[in-house]
Amino acid sequence: MSITAIKGMNDILPGEVETWQFLETKAREVFGCFGFSEIRTPAVEKTELFCRSIGETTDIVEKEMYTFADKSDNSLTLRPEGTAPVMRAYIQNKLHALDPVSKLYYMGPMFRYERPQKGRYRQFHQIGAEVIGVEEPKIDAQVLAMLHRYFCQIGIDAVSLQVNSLGCPECRPAYRQQLIAYLDERLASLCAECQRRYQTNPLRALDCKVEGCRQATSDAPAMIDHLCAACDEHFGQVKTHLQALQIPFEINARMVRGLDYYVRTTFELVTDQLGAQNAVAAGGRYDGLVESLGGPALPGIGFAIGVERLVLMLGTDSVSPQGPDLFVAALGDAASDQAFVLMSQLQNSGIRAEMDYQGKSLKAQMRRANKLRARFALILGEDELQSGRAQLKNMADSSQQEVVLETLAAEFARLQI
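Number 408 in the numbering used here belongs to position 288 of the sequence shown; there are no gaps in the numbering.
Okay, structure coming up:
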């Protein structure tokens, strides 16, 4: 019986991974232009980190985390999201002492025990960014501008930006009580899950995908209509700055996000190309998170992009695998030995080179060169070994030019091919 991968945890194979590499490279390019530096955190953290940051009544903590006890009976969890680990690293390593403003980005796998479906897996990957130490609404707009720029650079325009404000600890409690009272009158129309948590996490009822819940809450009070003066001013400036940057957006008063740490600005990039899993990027402000985890009282804002969903939108054939620059086809043992040396010299010079290792016929070797999408081929036989020269064939147009074997790497570079 063969061993297979865990359900919802997928292999990324050659021919597919090139798209992933493209997305990661573009993230590094774009985020670097905006002054962000990469940070890498462990895949496993103490469970307490996620309970304190995400919220114990959220779906993630209640039902979706991969949590286990290690041999010392410590409760550990595979990270279900990236923001909390970055905040832990920020606090533990006192990054605030190095610079009052930190701009960080990350990329890597996250883990949640969910029912696998298109665009949602148990091991999934995110590219995310965080800004810590800036309260000004301009940084909200800049983060969204960076996200907008990234999607332009990867060639995805079938998305729309939705924004909302979730208020702050000053104005949200009163709204929360009003929403609970509203839901209490319609409790029978809510799904079992919303009935269970409407007292502890009432905002999630606004985000429920069950049609009965959507109908029951269609005229529910919106947080955006109950903002305090400071939050209303902050959100107004965010919208003004987005307009100044000519970044299109729409207000979605039902957007609440699934993590407790969000305050004020929240946002999603959504598409109609992925069915129910329509959000391809999401985030918002978490001004109290750093302090709640034992750090200084600093504001923060960030987002995460679902890489699998980007791949679904782009298609795995959107980025062609890069073949070798040169395929050396050798005829006979002596030529094969020389081809091996030539290939090594080329590789050490930064030139992608490949050869046949099995003594196949010339026809079979040239078929392999085509299959690998080699740009050039060099046929090496007894005559070429004696003369020290060979014909370099352009695989695209079949043109040929003579090269000196002894200086092949230098000639290859000089010809800029």
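Glycine included, each C-beta is placed from N, C-alpha and C at the ideal position.
Please read these numbers as outputs of a predicted model, since none were measured by experiment.
Residue i in three-state terms, based on DSSP
| i | result |
| --- | --- |
| ALA489 | helix |
| GLY443 | coil |
| VAL206 | helix |
| GLY228 | strand |
| ALA473 | strand |
| LYS127 | coil |
| GLN141 | helix |
| ARG235 | coil |
| SER173 | helix |
| ALA497 | strand |
| GLN363 | helix |
| PHE387 | strand |
| GLY356 | helix |
| GLY422 | strand |
| THR197 | strand |
| GLN521 | strand |
| SER412 | helix |
| VAL448 | strand |
| SER280 | strand |
| ARG240 | strand |
| GLU370 | strand |
| LYS214 | coil |
| LYS146 | helix |
| SER481 | coil |
| SER438 | coil |
| VAL309 | With the sequence shown as reference, residue 309 is identified as Ser, and Val is not the correct amino acid for it. Helix, per DSSP. |
Continuous alpha helix (DSSP H) stretch holding residue i: start and end
| i | result |
| --- | --- |
| ALA459 | 453-468 |
| GLU531 | 528-534 |
| LYS258 | 257-274 |
| ARG429 | 427-434 |
| GLN335 | 331-336 |
| GLN297 | 292-304 |
Residues near residue i in its chain [Cβ-Cβ closer than 7 Å; skip 5 each side]
| i | result |
| --- | --- |
| GLY508 | VAL524, LEU525, GLU526 |
| ALA459 | VAL448, ALA450, MET475, LEU500 |
| VAL206 | ILE159, THR161, LEU224, TYR226, GLU250 |
| PRO257 | HIS354, GLN357, VAL358, HIS361 |
| GLY202 | TYR226, MET230, GLN246, GLY248, ALA424 |
| ALA125 | ASP131 |
| SER469 | ALA529, ALA533 |
| PRO444 | ARG472, ALA473, GLU474, LEU492, ALA494 |
Span of the beta strand (DSSP E), counted from its first residue to its last, around residue i
| i | result |
| --- | --- |
| PHE156 | Element bounds for PHE156: n/a, residue is neither H nor E. |
| GLN243 | 243-252 |
| ARG317 | No beta strand (DSSP E) holds ARG317; the alpha helix (DSSP H) holding it covers 312-317. |
| GLN511 | 509-514 |
| GLY404 | 399-405 |
| THR187 | 187-189 |
| GLU165 | 164-166 |
Rounded straight-line distance, which links the Cα of residue j to that of residue i
| i | j | result |
| --- | --- | --- |
| ARG296 | PRO162 | 35 Å |
| LEU430 | ALA399 | 10 Å |
| SER280 | PRO236 | 25 Å |
| ARG324 | VAL164 | 27 Å |
| LEU512 | SER438 | 30 Å |
| MET433 | THR139 | 11 Å |
| LEU198 | GLN363 | 39 Å |
| SER173 | ALA204 | 6 Å |
| LEU196 | THR187 | 6 Å |
| SER157 | MET515 | 41 Å |
| SER309 | ARG334 | 10 Å |
| LYS166 | HIS346 | 36 Å |
Cut-off 8 Å between Cβ atoms - residues of its own chain near residue i, not counting five sequence neighbours on either side
| i | result |
| --- | --- |
| LEU307 | GLN315, TYR318 |
| GLU522 | ARG509, ALA510, GLN511, LEU512 |
| PRO441 | PRO134, GLY135, GLU138, ARG493 |
| GLN520 | GLN511, LEU512, LYS513, ASN514 |
| VAL383 | LEU286, GLY287, CYS288, PRO289, ARG292, GLY404, ARG405, TYR406, ASP407, GLY408 |
Other residues of its chain near residue i: CB distance less than 6 Å, five sequence neighbours each side excluded
| i | result |
| --- | --- |
| GLY228 | none |
| PHE369 | LEU281, VAL283, LEU362 |
| ILE276 | MET433 |
CB contact check: residue i to chain D, cutoff 8 Å
| i | result |
| --- | --- |
| ALA336 | Protein chain content of the structure displayed is limited to a single chain, and chain D is not contained in it. |
Quick one: any contact between the stretch 394-408 and the stretch 210-230, if contact means 3 or more CB pairs under 8 Å? Because the criterion of three Cβ pairs below 8 Å is not met, the stretch 394-408 and the stretch 210-230 do not touch.
Check whether the stretch 240-259 touches the stretch 215-228, taking contact to mean three or more Cβ pairs, one atom from each stretch, closer than 8 Å. As far as the Cβ criterion goes, the stretch 240-259 touches the stretch 215-228, which means the pair count is three or higher.
Counting Cβ pairs closer than 8 Å, one from the stretch 178-191 and one from the stretch 141-156, do we hit at least three? The stretch 178-191 makes no contact with the stretch 141-156, as fewer than three CB pairs between them are under 8 Å.
contact_flag[the stretch 343-360, the stretch 280-289] where n(CB pairs < 8 Å) is 3 or more: The stretch 343-360 is in contact with the stretch 280-289.
Inter-stretch contact at 8 Å, needing at least 3 Cβ pairs: the stretch 386-393 / the stretch 263-281: These segments touch.
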